[in-house]
Amino acid sequence: MSEASARRKPNVQPALLDTELEHLPAELRWREWMGRVEAVIFAASEPVPREVLARVIGKNCNLELVIDDIRAELAGRPYELVAVAGGWQHRTKKIFGDTIRAAFGKAAGEGAKELSPAEALVLMCIAYFQPITRGELSSFFGKEVSRDLIGVLRAQELIASGPRSPQPGAPYTYVTTKNFLSQFGLDTLRQLPDFEALEDAGLLSKERLLAGDIMPEFSDRDEDWVRR
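Counting from 165, one number per residue, gives the positions in the sequence shown under my numbering.
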């Protein structure tokens, strides 16, 4: 390659980031790591997982302690750092929800279509009993859950296809997604309310659910969510 050609082809390789910062005193090094972690999270449009944040801090840096210190500094701010969907994300504190609605007509994160009672109930069942087939969902309610209803949940990226069921015909199962966790402010599915606790509180009955007798009453326009 000629010297002129070399000049026409700039080096596009990113410079290596000094993550260890050994030239800095310990306190300044820690502050720099905090700043890097918060900057990456702030710049992202979705929760940032551990493996991404690990790229900008030292190999012996305790990420949980960095997150704790960032959270402490944000204590008096209207937003906070939350663990959600397997990563971390800046979110406006709930107490400012009414303020944001007054300014924009909706709260932060309220971009998706509101679920109907039927859609919400089917989503709840998928969350608790996944992986689950459409046929099994239909058995729960004693009515056939339509493909259209499943399509609504898929379109909002709240559910996705899971592994094939071992049942005859190997039907698809459905599982919740990372977007489901993000929309409901959960870090993992383990944070779903314990089913037994819901039963003890009288909010849900597995027996009634399986018997199909807890479906809400629907108006005529909602009747098309099932096939009679």
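Beta carbons: idealized from backbone N, C-alpha and C, even for Gly. Nothing here was measured: the structure is a model prediction, and the numbers come from that model.
Residue i to residue j span [Cα, whole Å]
| i | j | result |
| --- | --- | --- |
| N224 | F304 | 50 Å |
| V286 | R235 | 35 Å |
| P213 | T183 | 18 Å |
| V216 | L350 | 19 Å |
| P242 | R265 | 15 Å |
| P393 | P295 | No information on residue 393 is available, as it lies outside the stretch 165 to 392 that the chain covers here. |
| M379 | A284 | Residue confidence for M379 is low, a pLDDT of 45 falling below 50, so the modelled location carries little weight and cannot support an answer. |
| I314 | P357 | 23 Å |
| V149 | S346 | Residue 149 lies beyond the residue range present for the chain, which begins at 165 and ends at 392; the question has no answer from this structure. |
| R318 | G306 | 22 Å |
| P189 | D232 | 21 Å |
| R255 | F268 | 16 Å |
| L181 | L322 | 36 Å |
| E186 | F344 | 41 Å |
| K342 | G326 | 13 Å |
| P330 | L192 | 57 Å |
| D262 | E228 | 31 Å |
| G311 | A324 | Just to set this straight, residue 311 is Arg in the shown sequence, not Gly. Straight-line Cα distance between these residues: approximately 13 Å. |
| I328 | V230 | Before going further, note that residue 328 is Arg rather than Ile in the sequence given. So the two alpha carbons sit approximately 41 Å from each other. |
| M288 | Q320 | 15 Å |
Reference residue i; option with closest CA among the options
| i | options | result |
| --- | --- | --- |
| W197 | A239, E210, N226 | N226 |
| P209 | V248, S325, A190, G199 | For the sequence presented, residue 209 should be read as Ser rather than Pro. Comparing Cα positions, the closest option is V248. |
| P281 | A239, V316, G261, L180 | V316 |
| R354 | G326, F268, Y292, L192 | Y292 |
| F348 | V230, E278, W194, S325 | E278 |
| F260 | L229, G240, E191, W252 | G240 |
| G250 | E228, P211, V230, K258 | P211 |
| T352 | V246, R311, K257, R195 | V246 |
| W252 | A207, A324, R311, R195 | A207 |
Paired residues, beta bridge with residue i - DSSP
| i | result |
| --- | --- |
| H187 | According to DSSP, which records beta bridges pairwise, H187 is partnered with nothing at all. |
| S325 | Y338 |
| W252 | V212, A247 |
Near the ligand ADP: residue i beta-carbon under 7 Å from a heavy atom
| i | result |
| --- | --- |
| F260 | The ligand ADP is absent from the structure shown, which contains no ligand whatsoever. |
* Asked: For the 8 Å Cβ check, are there 3 or more pairs between the segment 289 to 306 and the segment 328 to 344?
  -> yes
* **Any 3 or more C-beta pairs closer than 8 Å across the segment 216 to 223 and the segment 197 to 207** => yes
* Which runs of the alpha helix (DSSP H) fall wholly inside the segment 290 to 318 and span at least 4 residues, in chain order? -> 298 to 305
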